[in-house]
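Here the protein sequences line up with chains X and R, keeping their order.
When you line the first sequence up against the numbering used here, it's residues 364 to 635, in that order.
When you line the second sequence up against the numbering used here, it's residues 364 to 635, in that order.
For each residue, glycine too, the CB sits at the ideal point set by N, CA and C.
Accompanying notes for the structure given below.
2 protein chains.
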Amino acid sequence: MQGETSAGSPAKTGQGSTGTLGKVLAVLETVVSADRPLRFSDILVLSDQPRGTLHRQLSHLVEEGMLTQDRELRYEPGLRLLKFAHRSWSKNRFRAVAQPHLRRLHEETGETVHLGVLNGTEIIYVDKVESRQTVRMESQIGNASPVYCTGLGKAALCALPPARLAEVLAALVFHRFTENTHLSVASLGSDLDAARGRGYAFDREEHEAEIRCVAAPIHDAGFDLVAAVSVTGPAYRVTMEQLEIWAAPVRRTAVAISEDVDIRLGPGGRFS
Amino acid sequence: MQGETSAGSPAKTGQGSTGTLGKVLAVLETVVSADRPLRFSDILVLSDQPRGTLHRQLSHLVEEGMLTQDRELRYEPGLRLLKFAHRSWSKNRFRAVAQPHLRRLHEETGETVHLGVLNGTEIIYVDKVESRQTVRMESQIGNASPVYCTGLGKAALCALPPARLAEVLAALVFHRFTENTHLSVASLGSDLDAARGRGYAFDREEHEAEIRCVAAPIHDAGFDLVAAVSVTGPAYRVTMEQLEIWAAPVRRTAVAISEDVDIRLGPGGRFS
DNA sequence: AATTGCATTCCAGATAATGGAATATGCAGG
DNA sequence: CCTGCATATTCCATTATCTGGAATGCAATT
Chain X
364 MQGETSAGSP
374 AKTGQGSTGT
384 LGKVLAVLET
394 VVSADRPLRF
404 SDILVLSDQP
414 RGTLHRQLSH
424 LVEEGMLTQD
434 RELRYEPGLR
444 LLKFAHRSWS
454 KNRFRAVAQP
464 HLRRLHEETG
474 ETVHLGVLNG
484 TEIIYVDKVE
494 SRQTVRMESQ
504 IGNASPVYCT
514 GLGKAALCAL
524 PPARLAEVLA
534 ALVFHRFTEN
544 THLSVASLGS
554 DLDAARGRGY
564 AFDREEHEAE
574 IRCVAAPIHD
584 AGFDLVAAVS
594 VTGPAYRVTM
604 EQLEIWAAPV
614 RRTAVAISED
624 VDIRLGPGGR
634 FS
Chain R
364 MQGETSAGSP
374 AKTGQGSTGT
384 LGKVLAVLET
394 VVSADRPLRF
404 SDILVLSDQP
414 RGTLHRQLSH
424 LVEEGMLTQD
434 RELRYEPGLR
444 LLKFAHRSWS
454 KNRFRAVAQP
464 HLRRLHEETG
474 ETVHLGVLNG
484 TEIIYVDKVE
494 SRQTVRMESQ
504 IGNASPVYCT
514 GLGKAALCAL
524 PPARLAEVLA
534 ALVFHRFTEN
544 THLSVASLGS
554 DLDAARGRGY
564 AFDREEHEAE
574 IRCVAAPIHD
584 AGFDLVAAVS
594 VTGPAYRVTM
604 EQLEIWAAPV
614 RRTAVAISED
624 VDIRLGPGGR
634 FS
């Protein structure tokens with residue numbers, strides 16, 4: 364009953380079990396995911412709803428502040444989403460527990476540290492610590508990336524019990540981001556086996572060219588929460604040798620967070 | 364038809380015109396606003412829905428990833444909210460246009476700079492620049508504060524055409540945050556008149572003790588977007604005299620952003 | 001075993017969502 | 001000024017979905 368919620372692929376989310384809510388959220392997701400404001404007819408093509416229905420759904424979303432309309436009638440994400448997210452983020456207990464550990468890891472390595480939570484076939488970035496004060500949420504927080512091409516994603520998969528891993532693997536849809544991106548379960552699988560053996564996973568410019576990282580898995584006692592920490596940097600500065608050196612502190616951090624989660628959040632103290 | 368959407372008071376949001384969506388979002392807001400995970404019966408008391416209905420709504424929200432349930436059956440905000448917000452924030456065109464101006468203002472003053480958008484009777488923090496790398500979204504981004512006790516809020520109200528100002532004032536519900544908080548429309552009104560005259564508003568420890576700020580209004584040509592910039596700091600370091608000095612650069616920044624919005628986003632180029 | 005305090009499920013009836021078709025609106029070019 | 005085209009918006013009979021009071025399930029507690 365709580366298996367494959369996730370909101371996996373960008374395509375169709377609410378198949379029907381959530382009634383009208385699923386459909387409306389699918390529409391919302393369509394608009395929010397778009398990289399430009401969409402007009403009614405754009406959305407009509409992207410969604411599989413009939414005209415009248417879609418129009419009412421959009422009106423309701425606007426009226427509720429989840430979407431806004433500009434003067435040219437195009438739809439854009441609304442401010443209420445930000446409001447929701449702020450609360451959701453600032454009260455996330457898992458993040459709060461992990462934060463001091465991330466800080467420490469950042470001090471040891473000097474590079475950007477990320478914390479991501481496994482959500483279906485995606486990793487959602489929940490926190491980050493970086494030196495340059497380019498800063499802010501802009502970068503990553505809330506961003507969702509595929510599991511198969513990120514250090515965080517692969518590390519998280521390593522922590523997963525076999526049955527659940529199989530589910531995730533079966534649900535993957537591969538997309539080539541760089542020339543190193545895994546494009547098959549076979550290829551990904553052997554990488555995962557190696558990572559599981561070592562206790563940490565690499566991202567060898569698989570998601571973005573010139574970016575590398577090491578990541579280690581985090582999980583709570585019941586595997587309700589599966590996550591990962593990573594240290595990331597530009598290829599010119601961060602060699603594979605360097606990553607091997609950082610692997611130890613990254614693992615240590617991951618273990619420390621895992622322990623803290625079980626202690627501080629207690630049994631049944633999920634995250635957010 | 365687009366008047367008092369807003370989601371004003373924390374109490375009851377969806378009155379019915381948005382059908383079932385409004386009710387579900389009200390439930391979501393209840394859970395997300397709470398400062399601790401809520402059990403079913405807690406929510407039952409807070410919402411005015413009957414048992415069966417509420418239970419189904421919560422199930423649907425969980426299934427869609429908007430909420431999560433921990434092992435003790437308590438409900439917490441889900442990760443999908445973060446995902447939505449990231450996109451909503453990172454694509455916000457108004458924020459992108461304003462950012463360089465905020466940076467410049469921060470360099471001039473050395474204190475924290477905020478950007479907020481008026482939304483009903485609240486100001487929603489959309490961006491911020493600060494020196495200390497305490498950093499990140501944690502602080503404010505996405506946070507919603509009342510208009511009547513914040514510099515940003517009062518500045519934004521100054522920009523409002525009389526008719527719309529009256530609407531907002533009529534909808535206010537006052538709450539005392541400090542001993543300086545305005546508690547009546549009369550008191551707020553004369554403060555606003557003074558601010559309008561000067562071109563900038565103060566927050567004299569009205570929202571939080573020991574915190575002061577100066578803020579100036581921003582708006583686009585059609586008043587579809589009403590916002591404000593501010594410089595904020597701790598009272599021991601930031602005197603009222605200091606604020607008077609910063610008023611000029613703050614106003615300049617506000618004007619520059621207003622102009623940029625009309626140029627760069629063009630007519631009908633709303634924000635988000 | 002009985003009780004209490006929950007969460008969860010049921011199902012007939014009420015209501016709001018549906019969706020195809022008609023209408024309105026805005027903007028070209030004739 | 002009219003006409004045609006491409007949009008967005010509204011209508012309304014049908015029906016799927018939501019509603020909500022009451023019954024049931026499930027664990028702790030006494």
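Put simply, the backbone Cα of X/K491 is about 45 Å away from that of R/A549.
Remark: C-beta atoms of R/E573 and R/A598 approach each other more closely than 8 Å. For X/K386, not one C-beta of chain R is nearer than 8 Å to its own C-beta.
Taking the CA atoms as reference points, R/T602 sits about 9 Å from R/G596.
Within the same chain, and ignoring the five residues on either side of R/G560 in sequence, no residue has its Cβ closer than 8 Å to its Cβ. Against chain X, the CB of R/R627 has no partner CB under 8 Å away; the residue lies outside that interface.
If you ignore the 5 residues before and after X/H464, its C-beta comes within less than 8 Å of the C-beta of V592, T616, A619, I620 and D623, all in its own chain and listed in chain order. Look at the region 511-584 of chain X and you find these whole runs of alpha helix (DSSP H), each 4 residues long or longer: 514-522, 525-534 and 548-561. The beta carbon of R/A448 sits closer than 8 Å to some beta carbon of chain X.
Judged by DSSP in its simplified three-state form, R/T416 adopts helix. For R/P440, the C-beta contacts it makes with chain X under 9 Å involve F447, A448, R450, S451, W452, K454, N455 and S635, in order along the chain. Under the three-pair Cβ rule at 8 Å, the region 453-473 of chain R does not count as touching the region 469-476 of chain X.
For X/I620, no chain R residue has a C-beta closer than 9 Å to its own C-beta; the minimum C-beta separation is roughly 17 Å.
Per DSSP, reduced to three states, the secondary structure at X/L436 is coil, with no helix or strand assignment.
Of all alpha-carbon atoms in X/D587, X/D554, X/A448 and X/A564, the one lying nearest the alpha-carbon of X/W609 is that of X/A564.
Of all residues in the region 391-411 of chain R, only L391, E392, V395, S396, A397, D398, R399 and P400 place a beta-carbon less than 9 Å from a beta-carbon of chain X. Cβ-Cβ distances below 6 Å link X/Q420 to V387 and V390 in the same chain, with the five nearest sequence neighbours on each side left out; the list follows chain order.
Distance check between R/R527 and each of R/R614, R/F586, R/V408 and R/R434 places R/F586 closest, using alpha-carbon atoms only.
Within the model, the alpha-carbon separation for R/V394 versus R/R539 is close to 24 Å. In its chain, beyond the 5 residues on either side, R567, E568 and E569 have a beta carbon closer than 6 Å to the beta carbon of R/N543.
Against X/G505, the close residues of chain R are L445, K446, A448 and H449, in the order they occur along the chain (beta-carbon pairs closer than 7 Å). Under the Cβ criterion (8 Å, minimum of three pairs), the region 434-443 of chain R counts as touching the region 393-410 of chain R.
Annotation: X/P525 to X/A611 spans about 25 Å, alpha carbon to alpha carbon. For R/A590, the enclosing beta strand (DSSP E) stretches over residues V589 to P597.
Within chain X, L442, L445 and K446 have C-beta atoms less than 8 Å from the C-beta of R/I487, given in sequence order. The three-state reading of DSSP puts X/K446 in helix, counting H, G and I together.
The beta-carbon of R/G514 is placed no less than 8 Å from the nearest beta-carbon of chain X. In the DSSP assignment, X/P612 falls within the unbroken alpha helix (DSSP H) covering M603 to R627. According to the DSSP assignment, R/T475 belongs to the beta strand (DSSP E) that extends over T475 to N482. The alpha-carbon of X/I487 is positioned some 42 Å away from that of R/Q605.
The DSSP-derived three-state label of R/I406 is helix. For X/S396, the enclosing alpha helix (DSSP H) has its first and last residue at G382 to S396.
With contacts defined as CB atoms closer than 8 Å, R/T381 and X/E426 qualify as a contacting pair. For X/S380, the chain R residues whose C-beta falls within less than 7 Å of its own C-beta are E426, listed in chain order. R/V510 has a beta carbon lying at 8 Å or more from every beta carbon in chain X. X/T383 has a beta carbon lying within less than 8 Å of a beta carbon in chain R.
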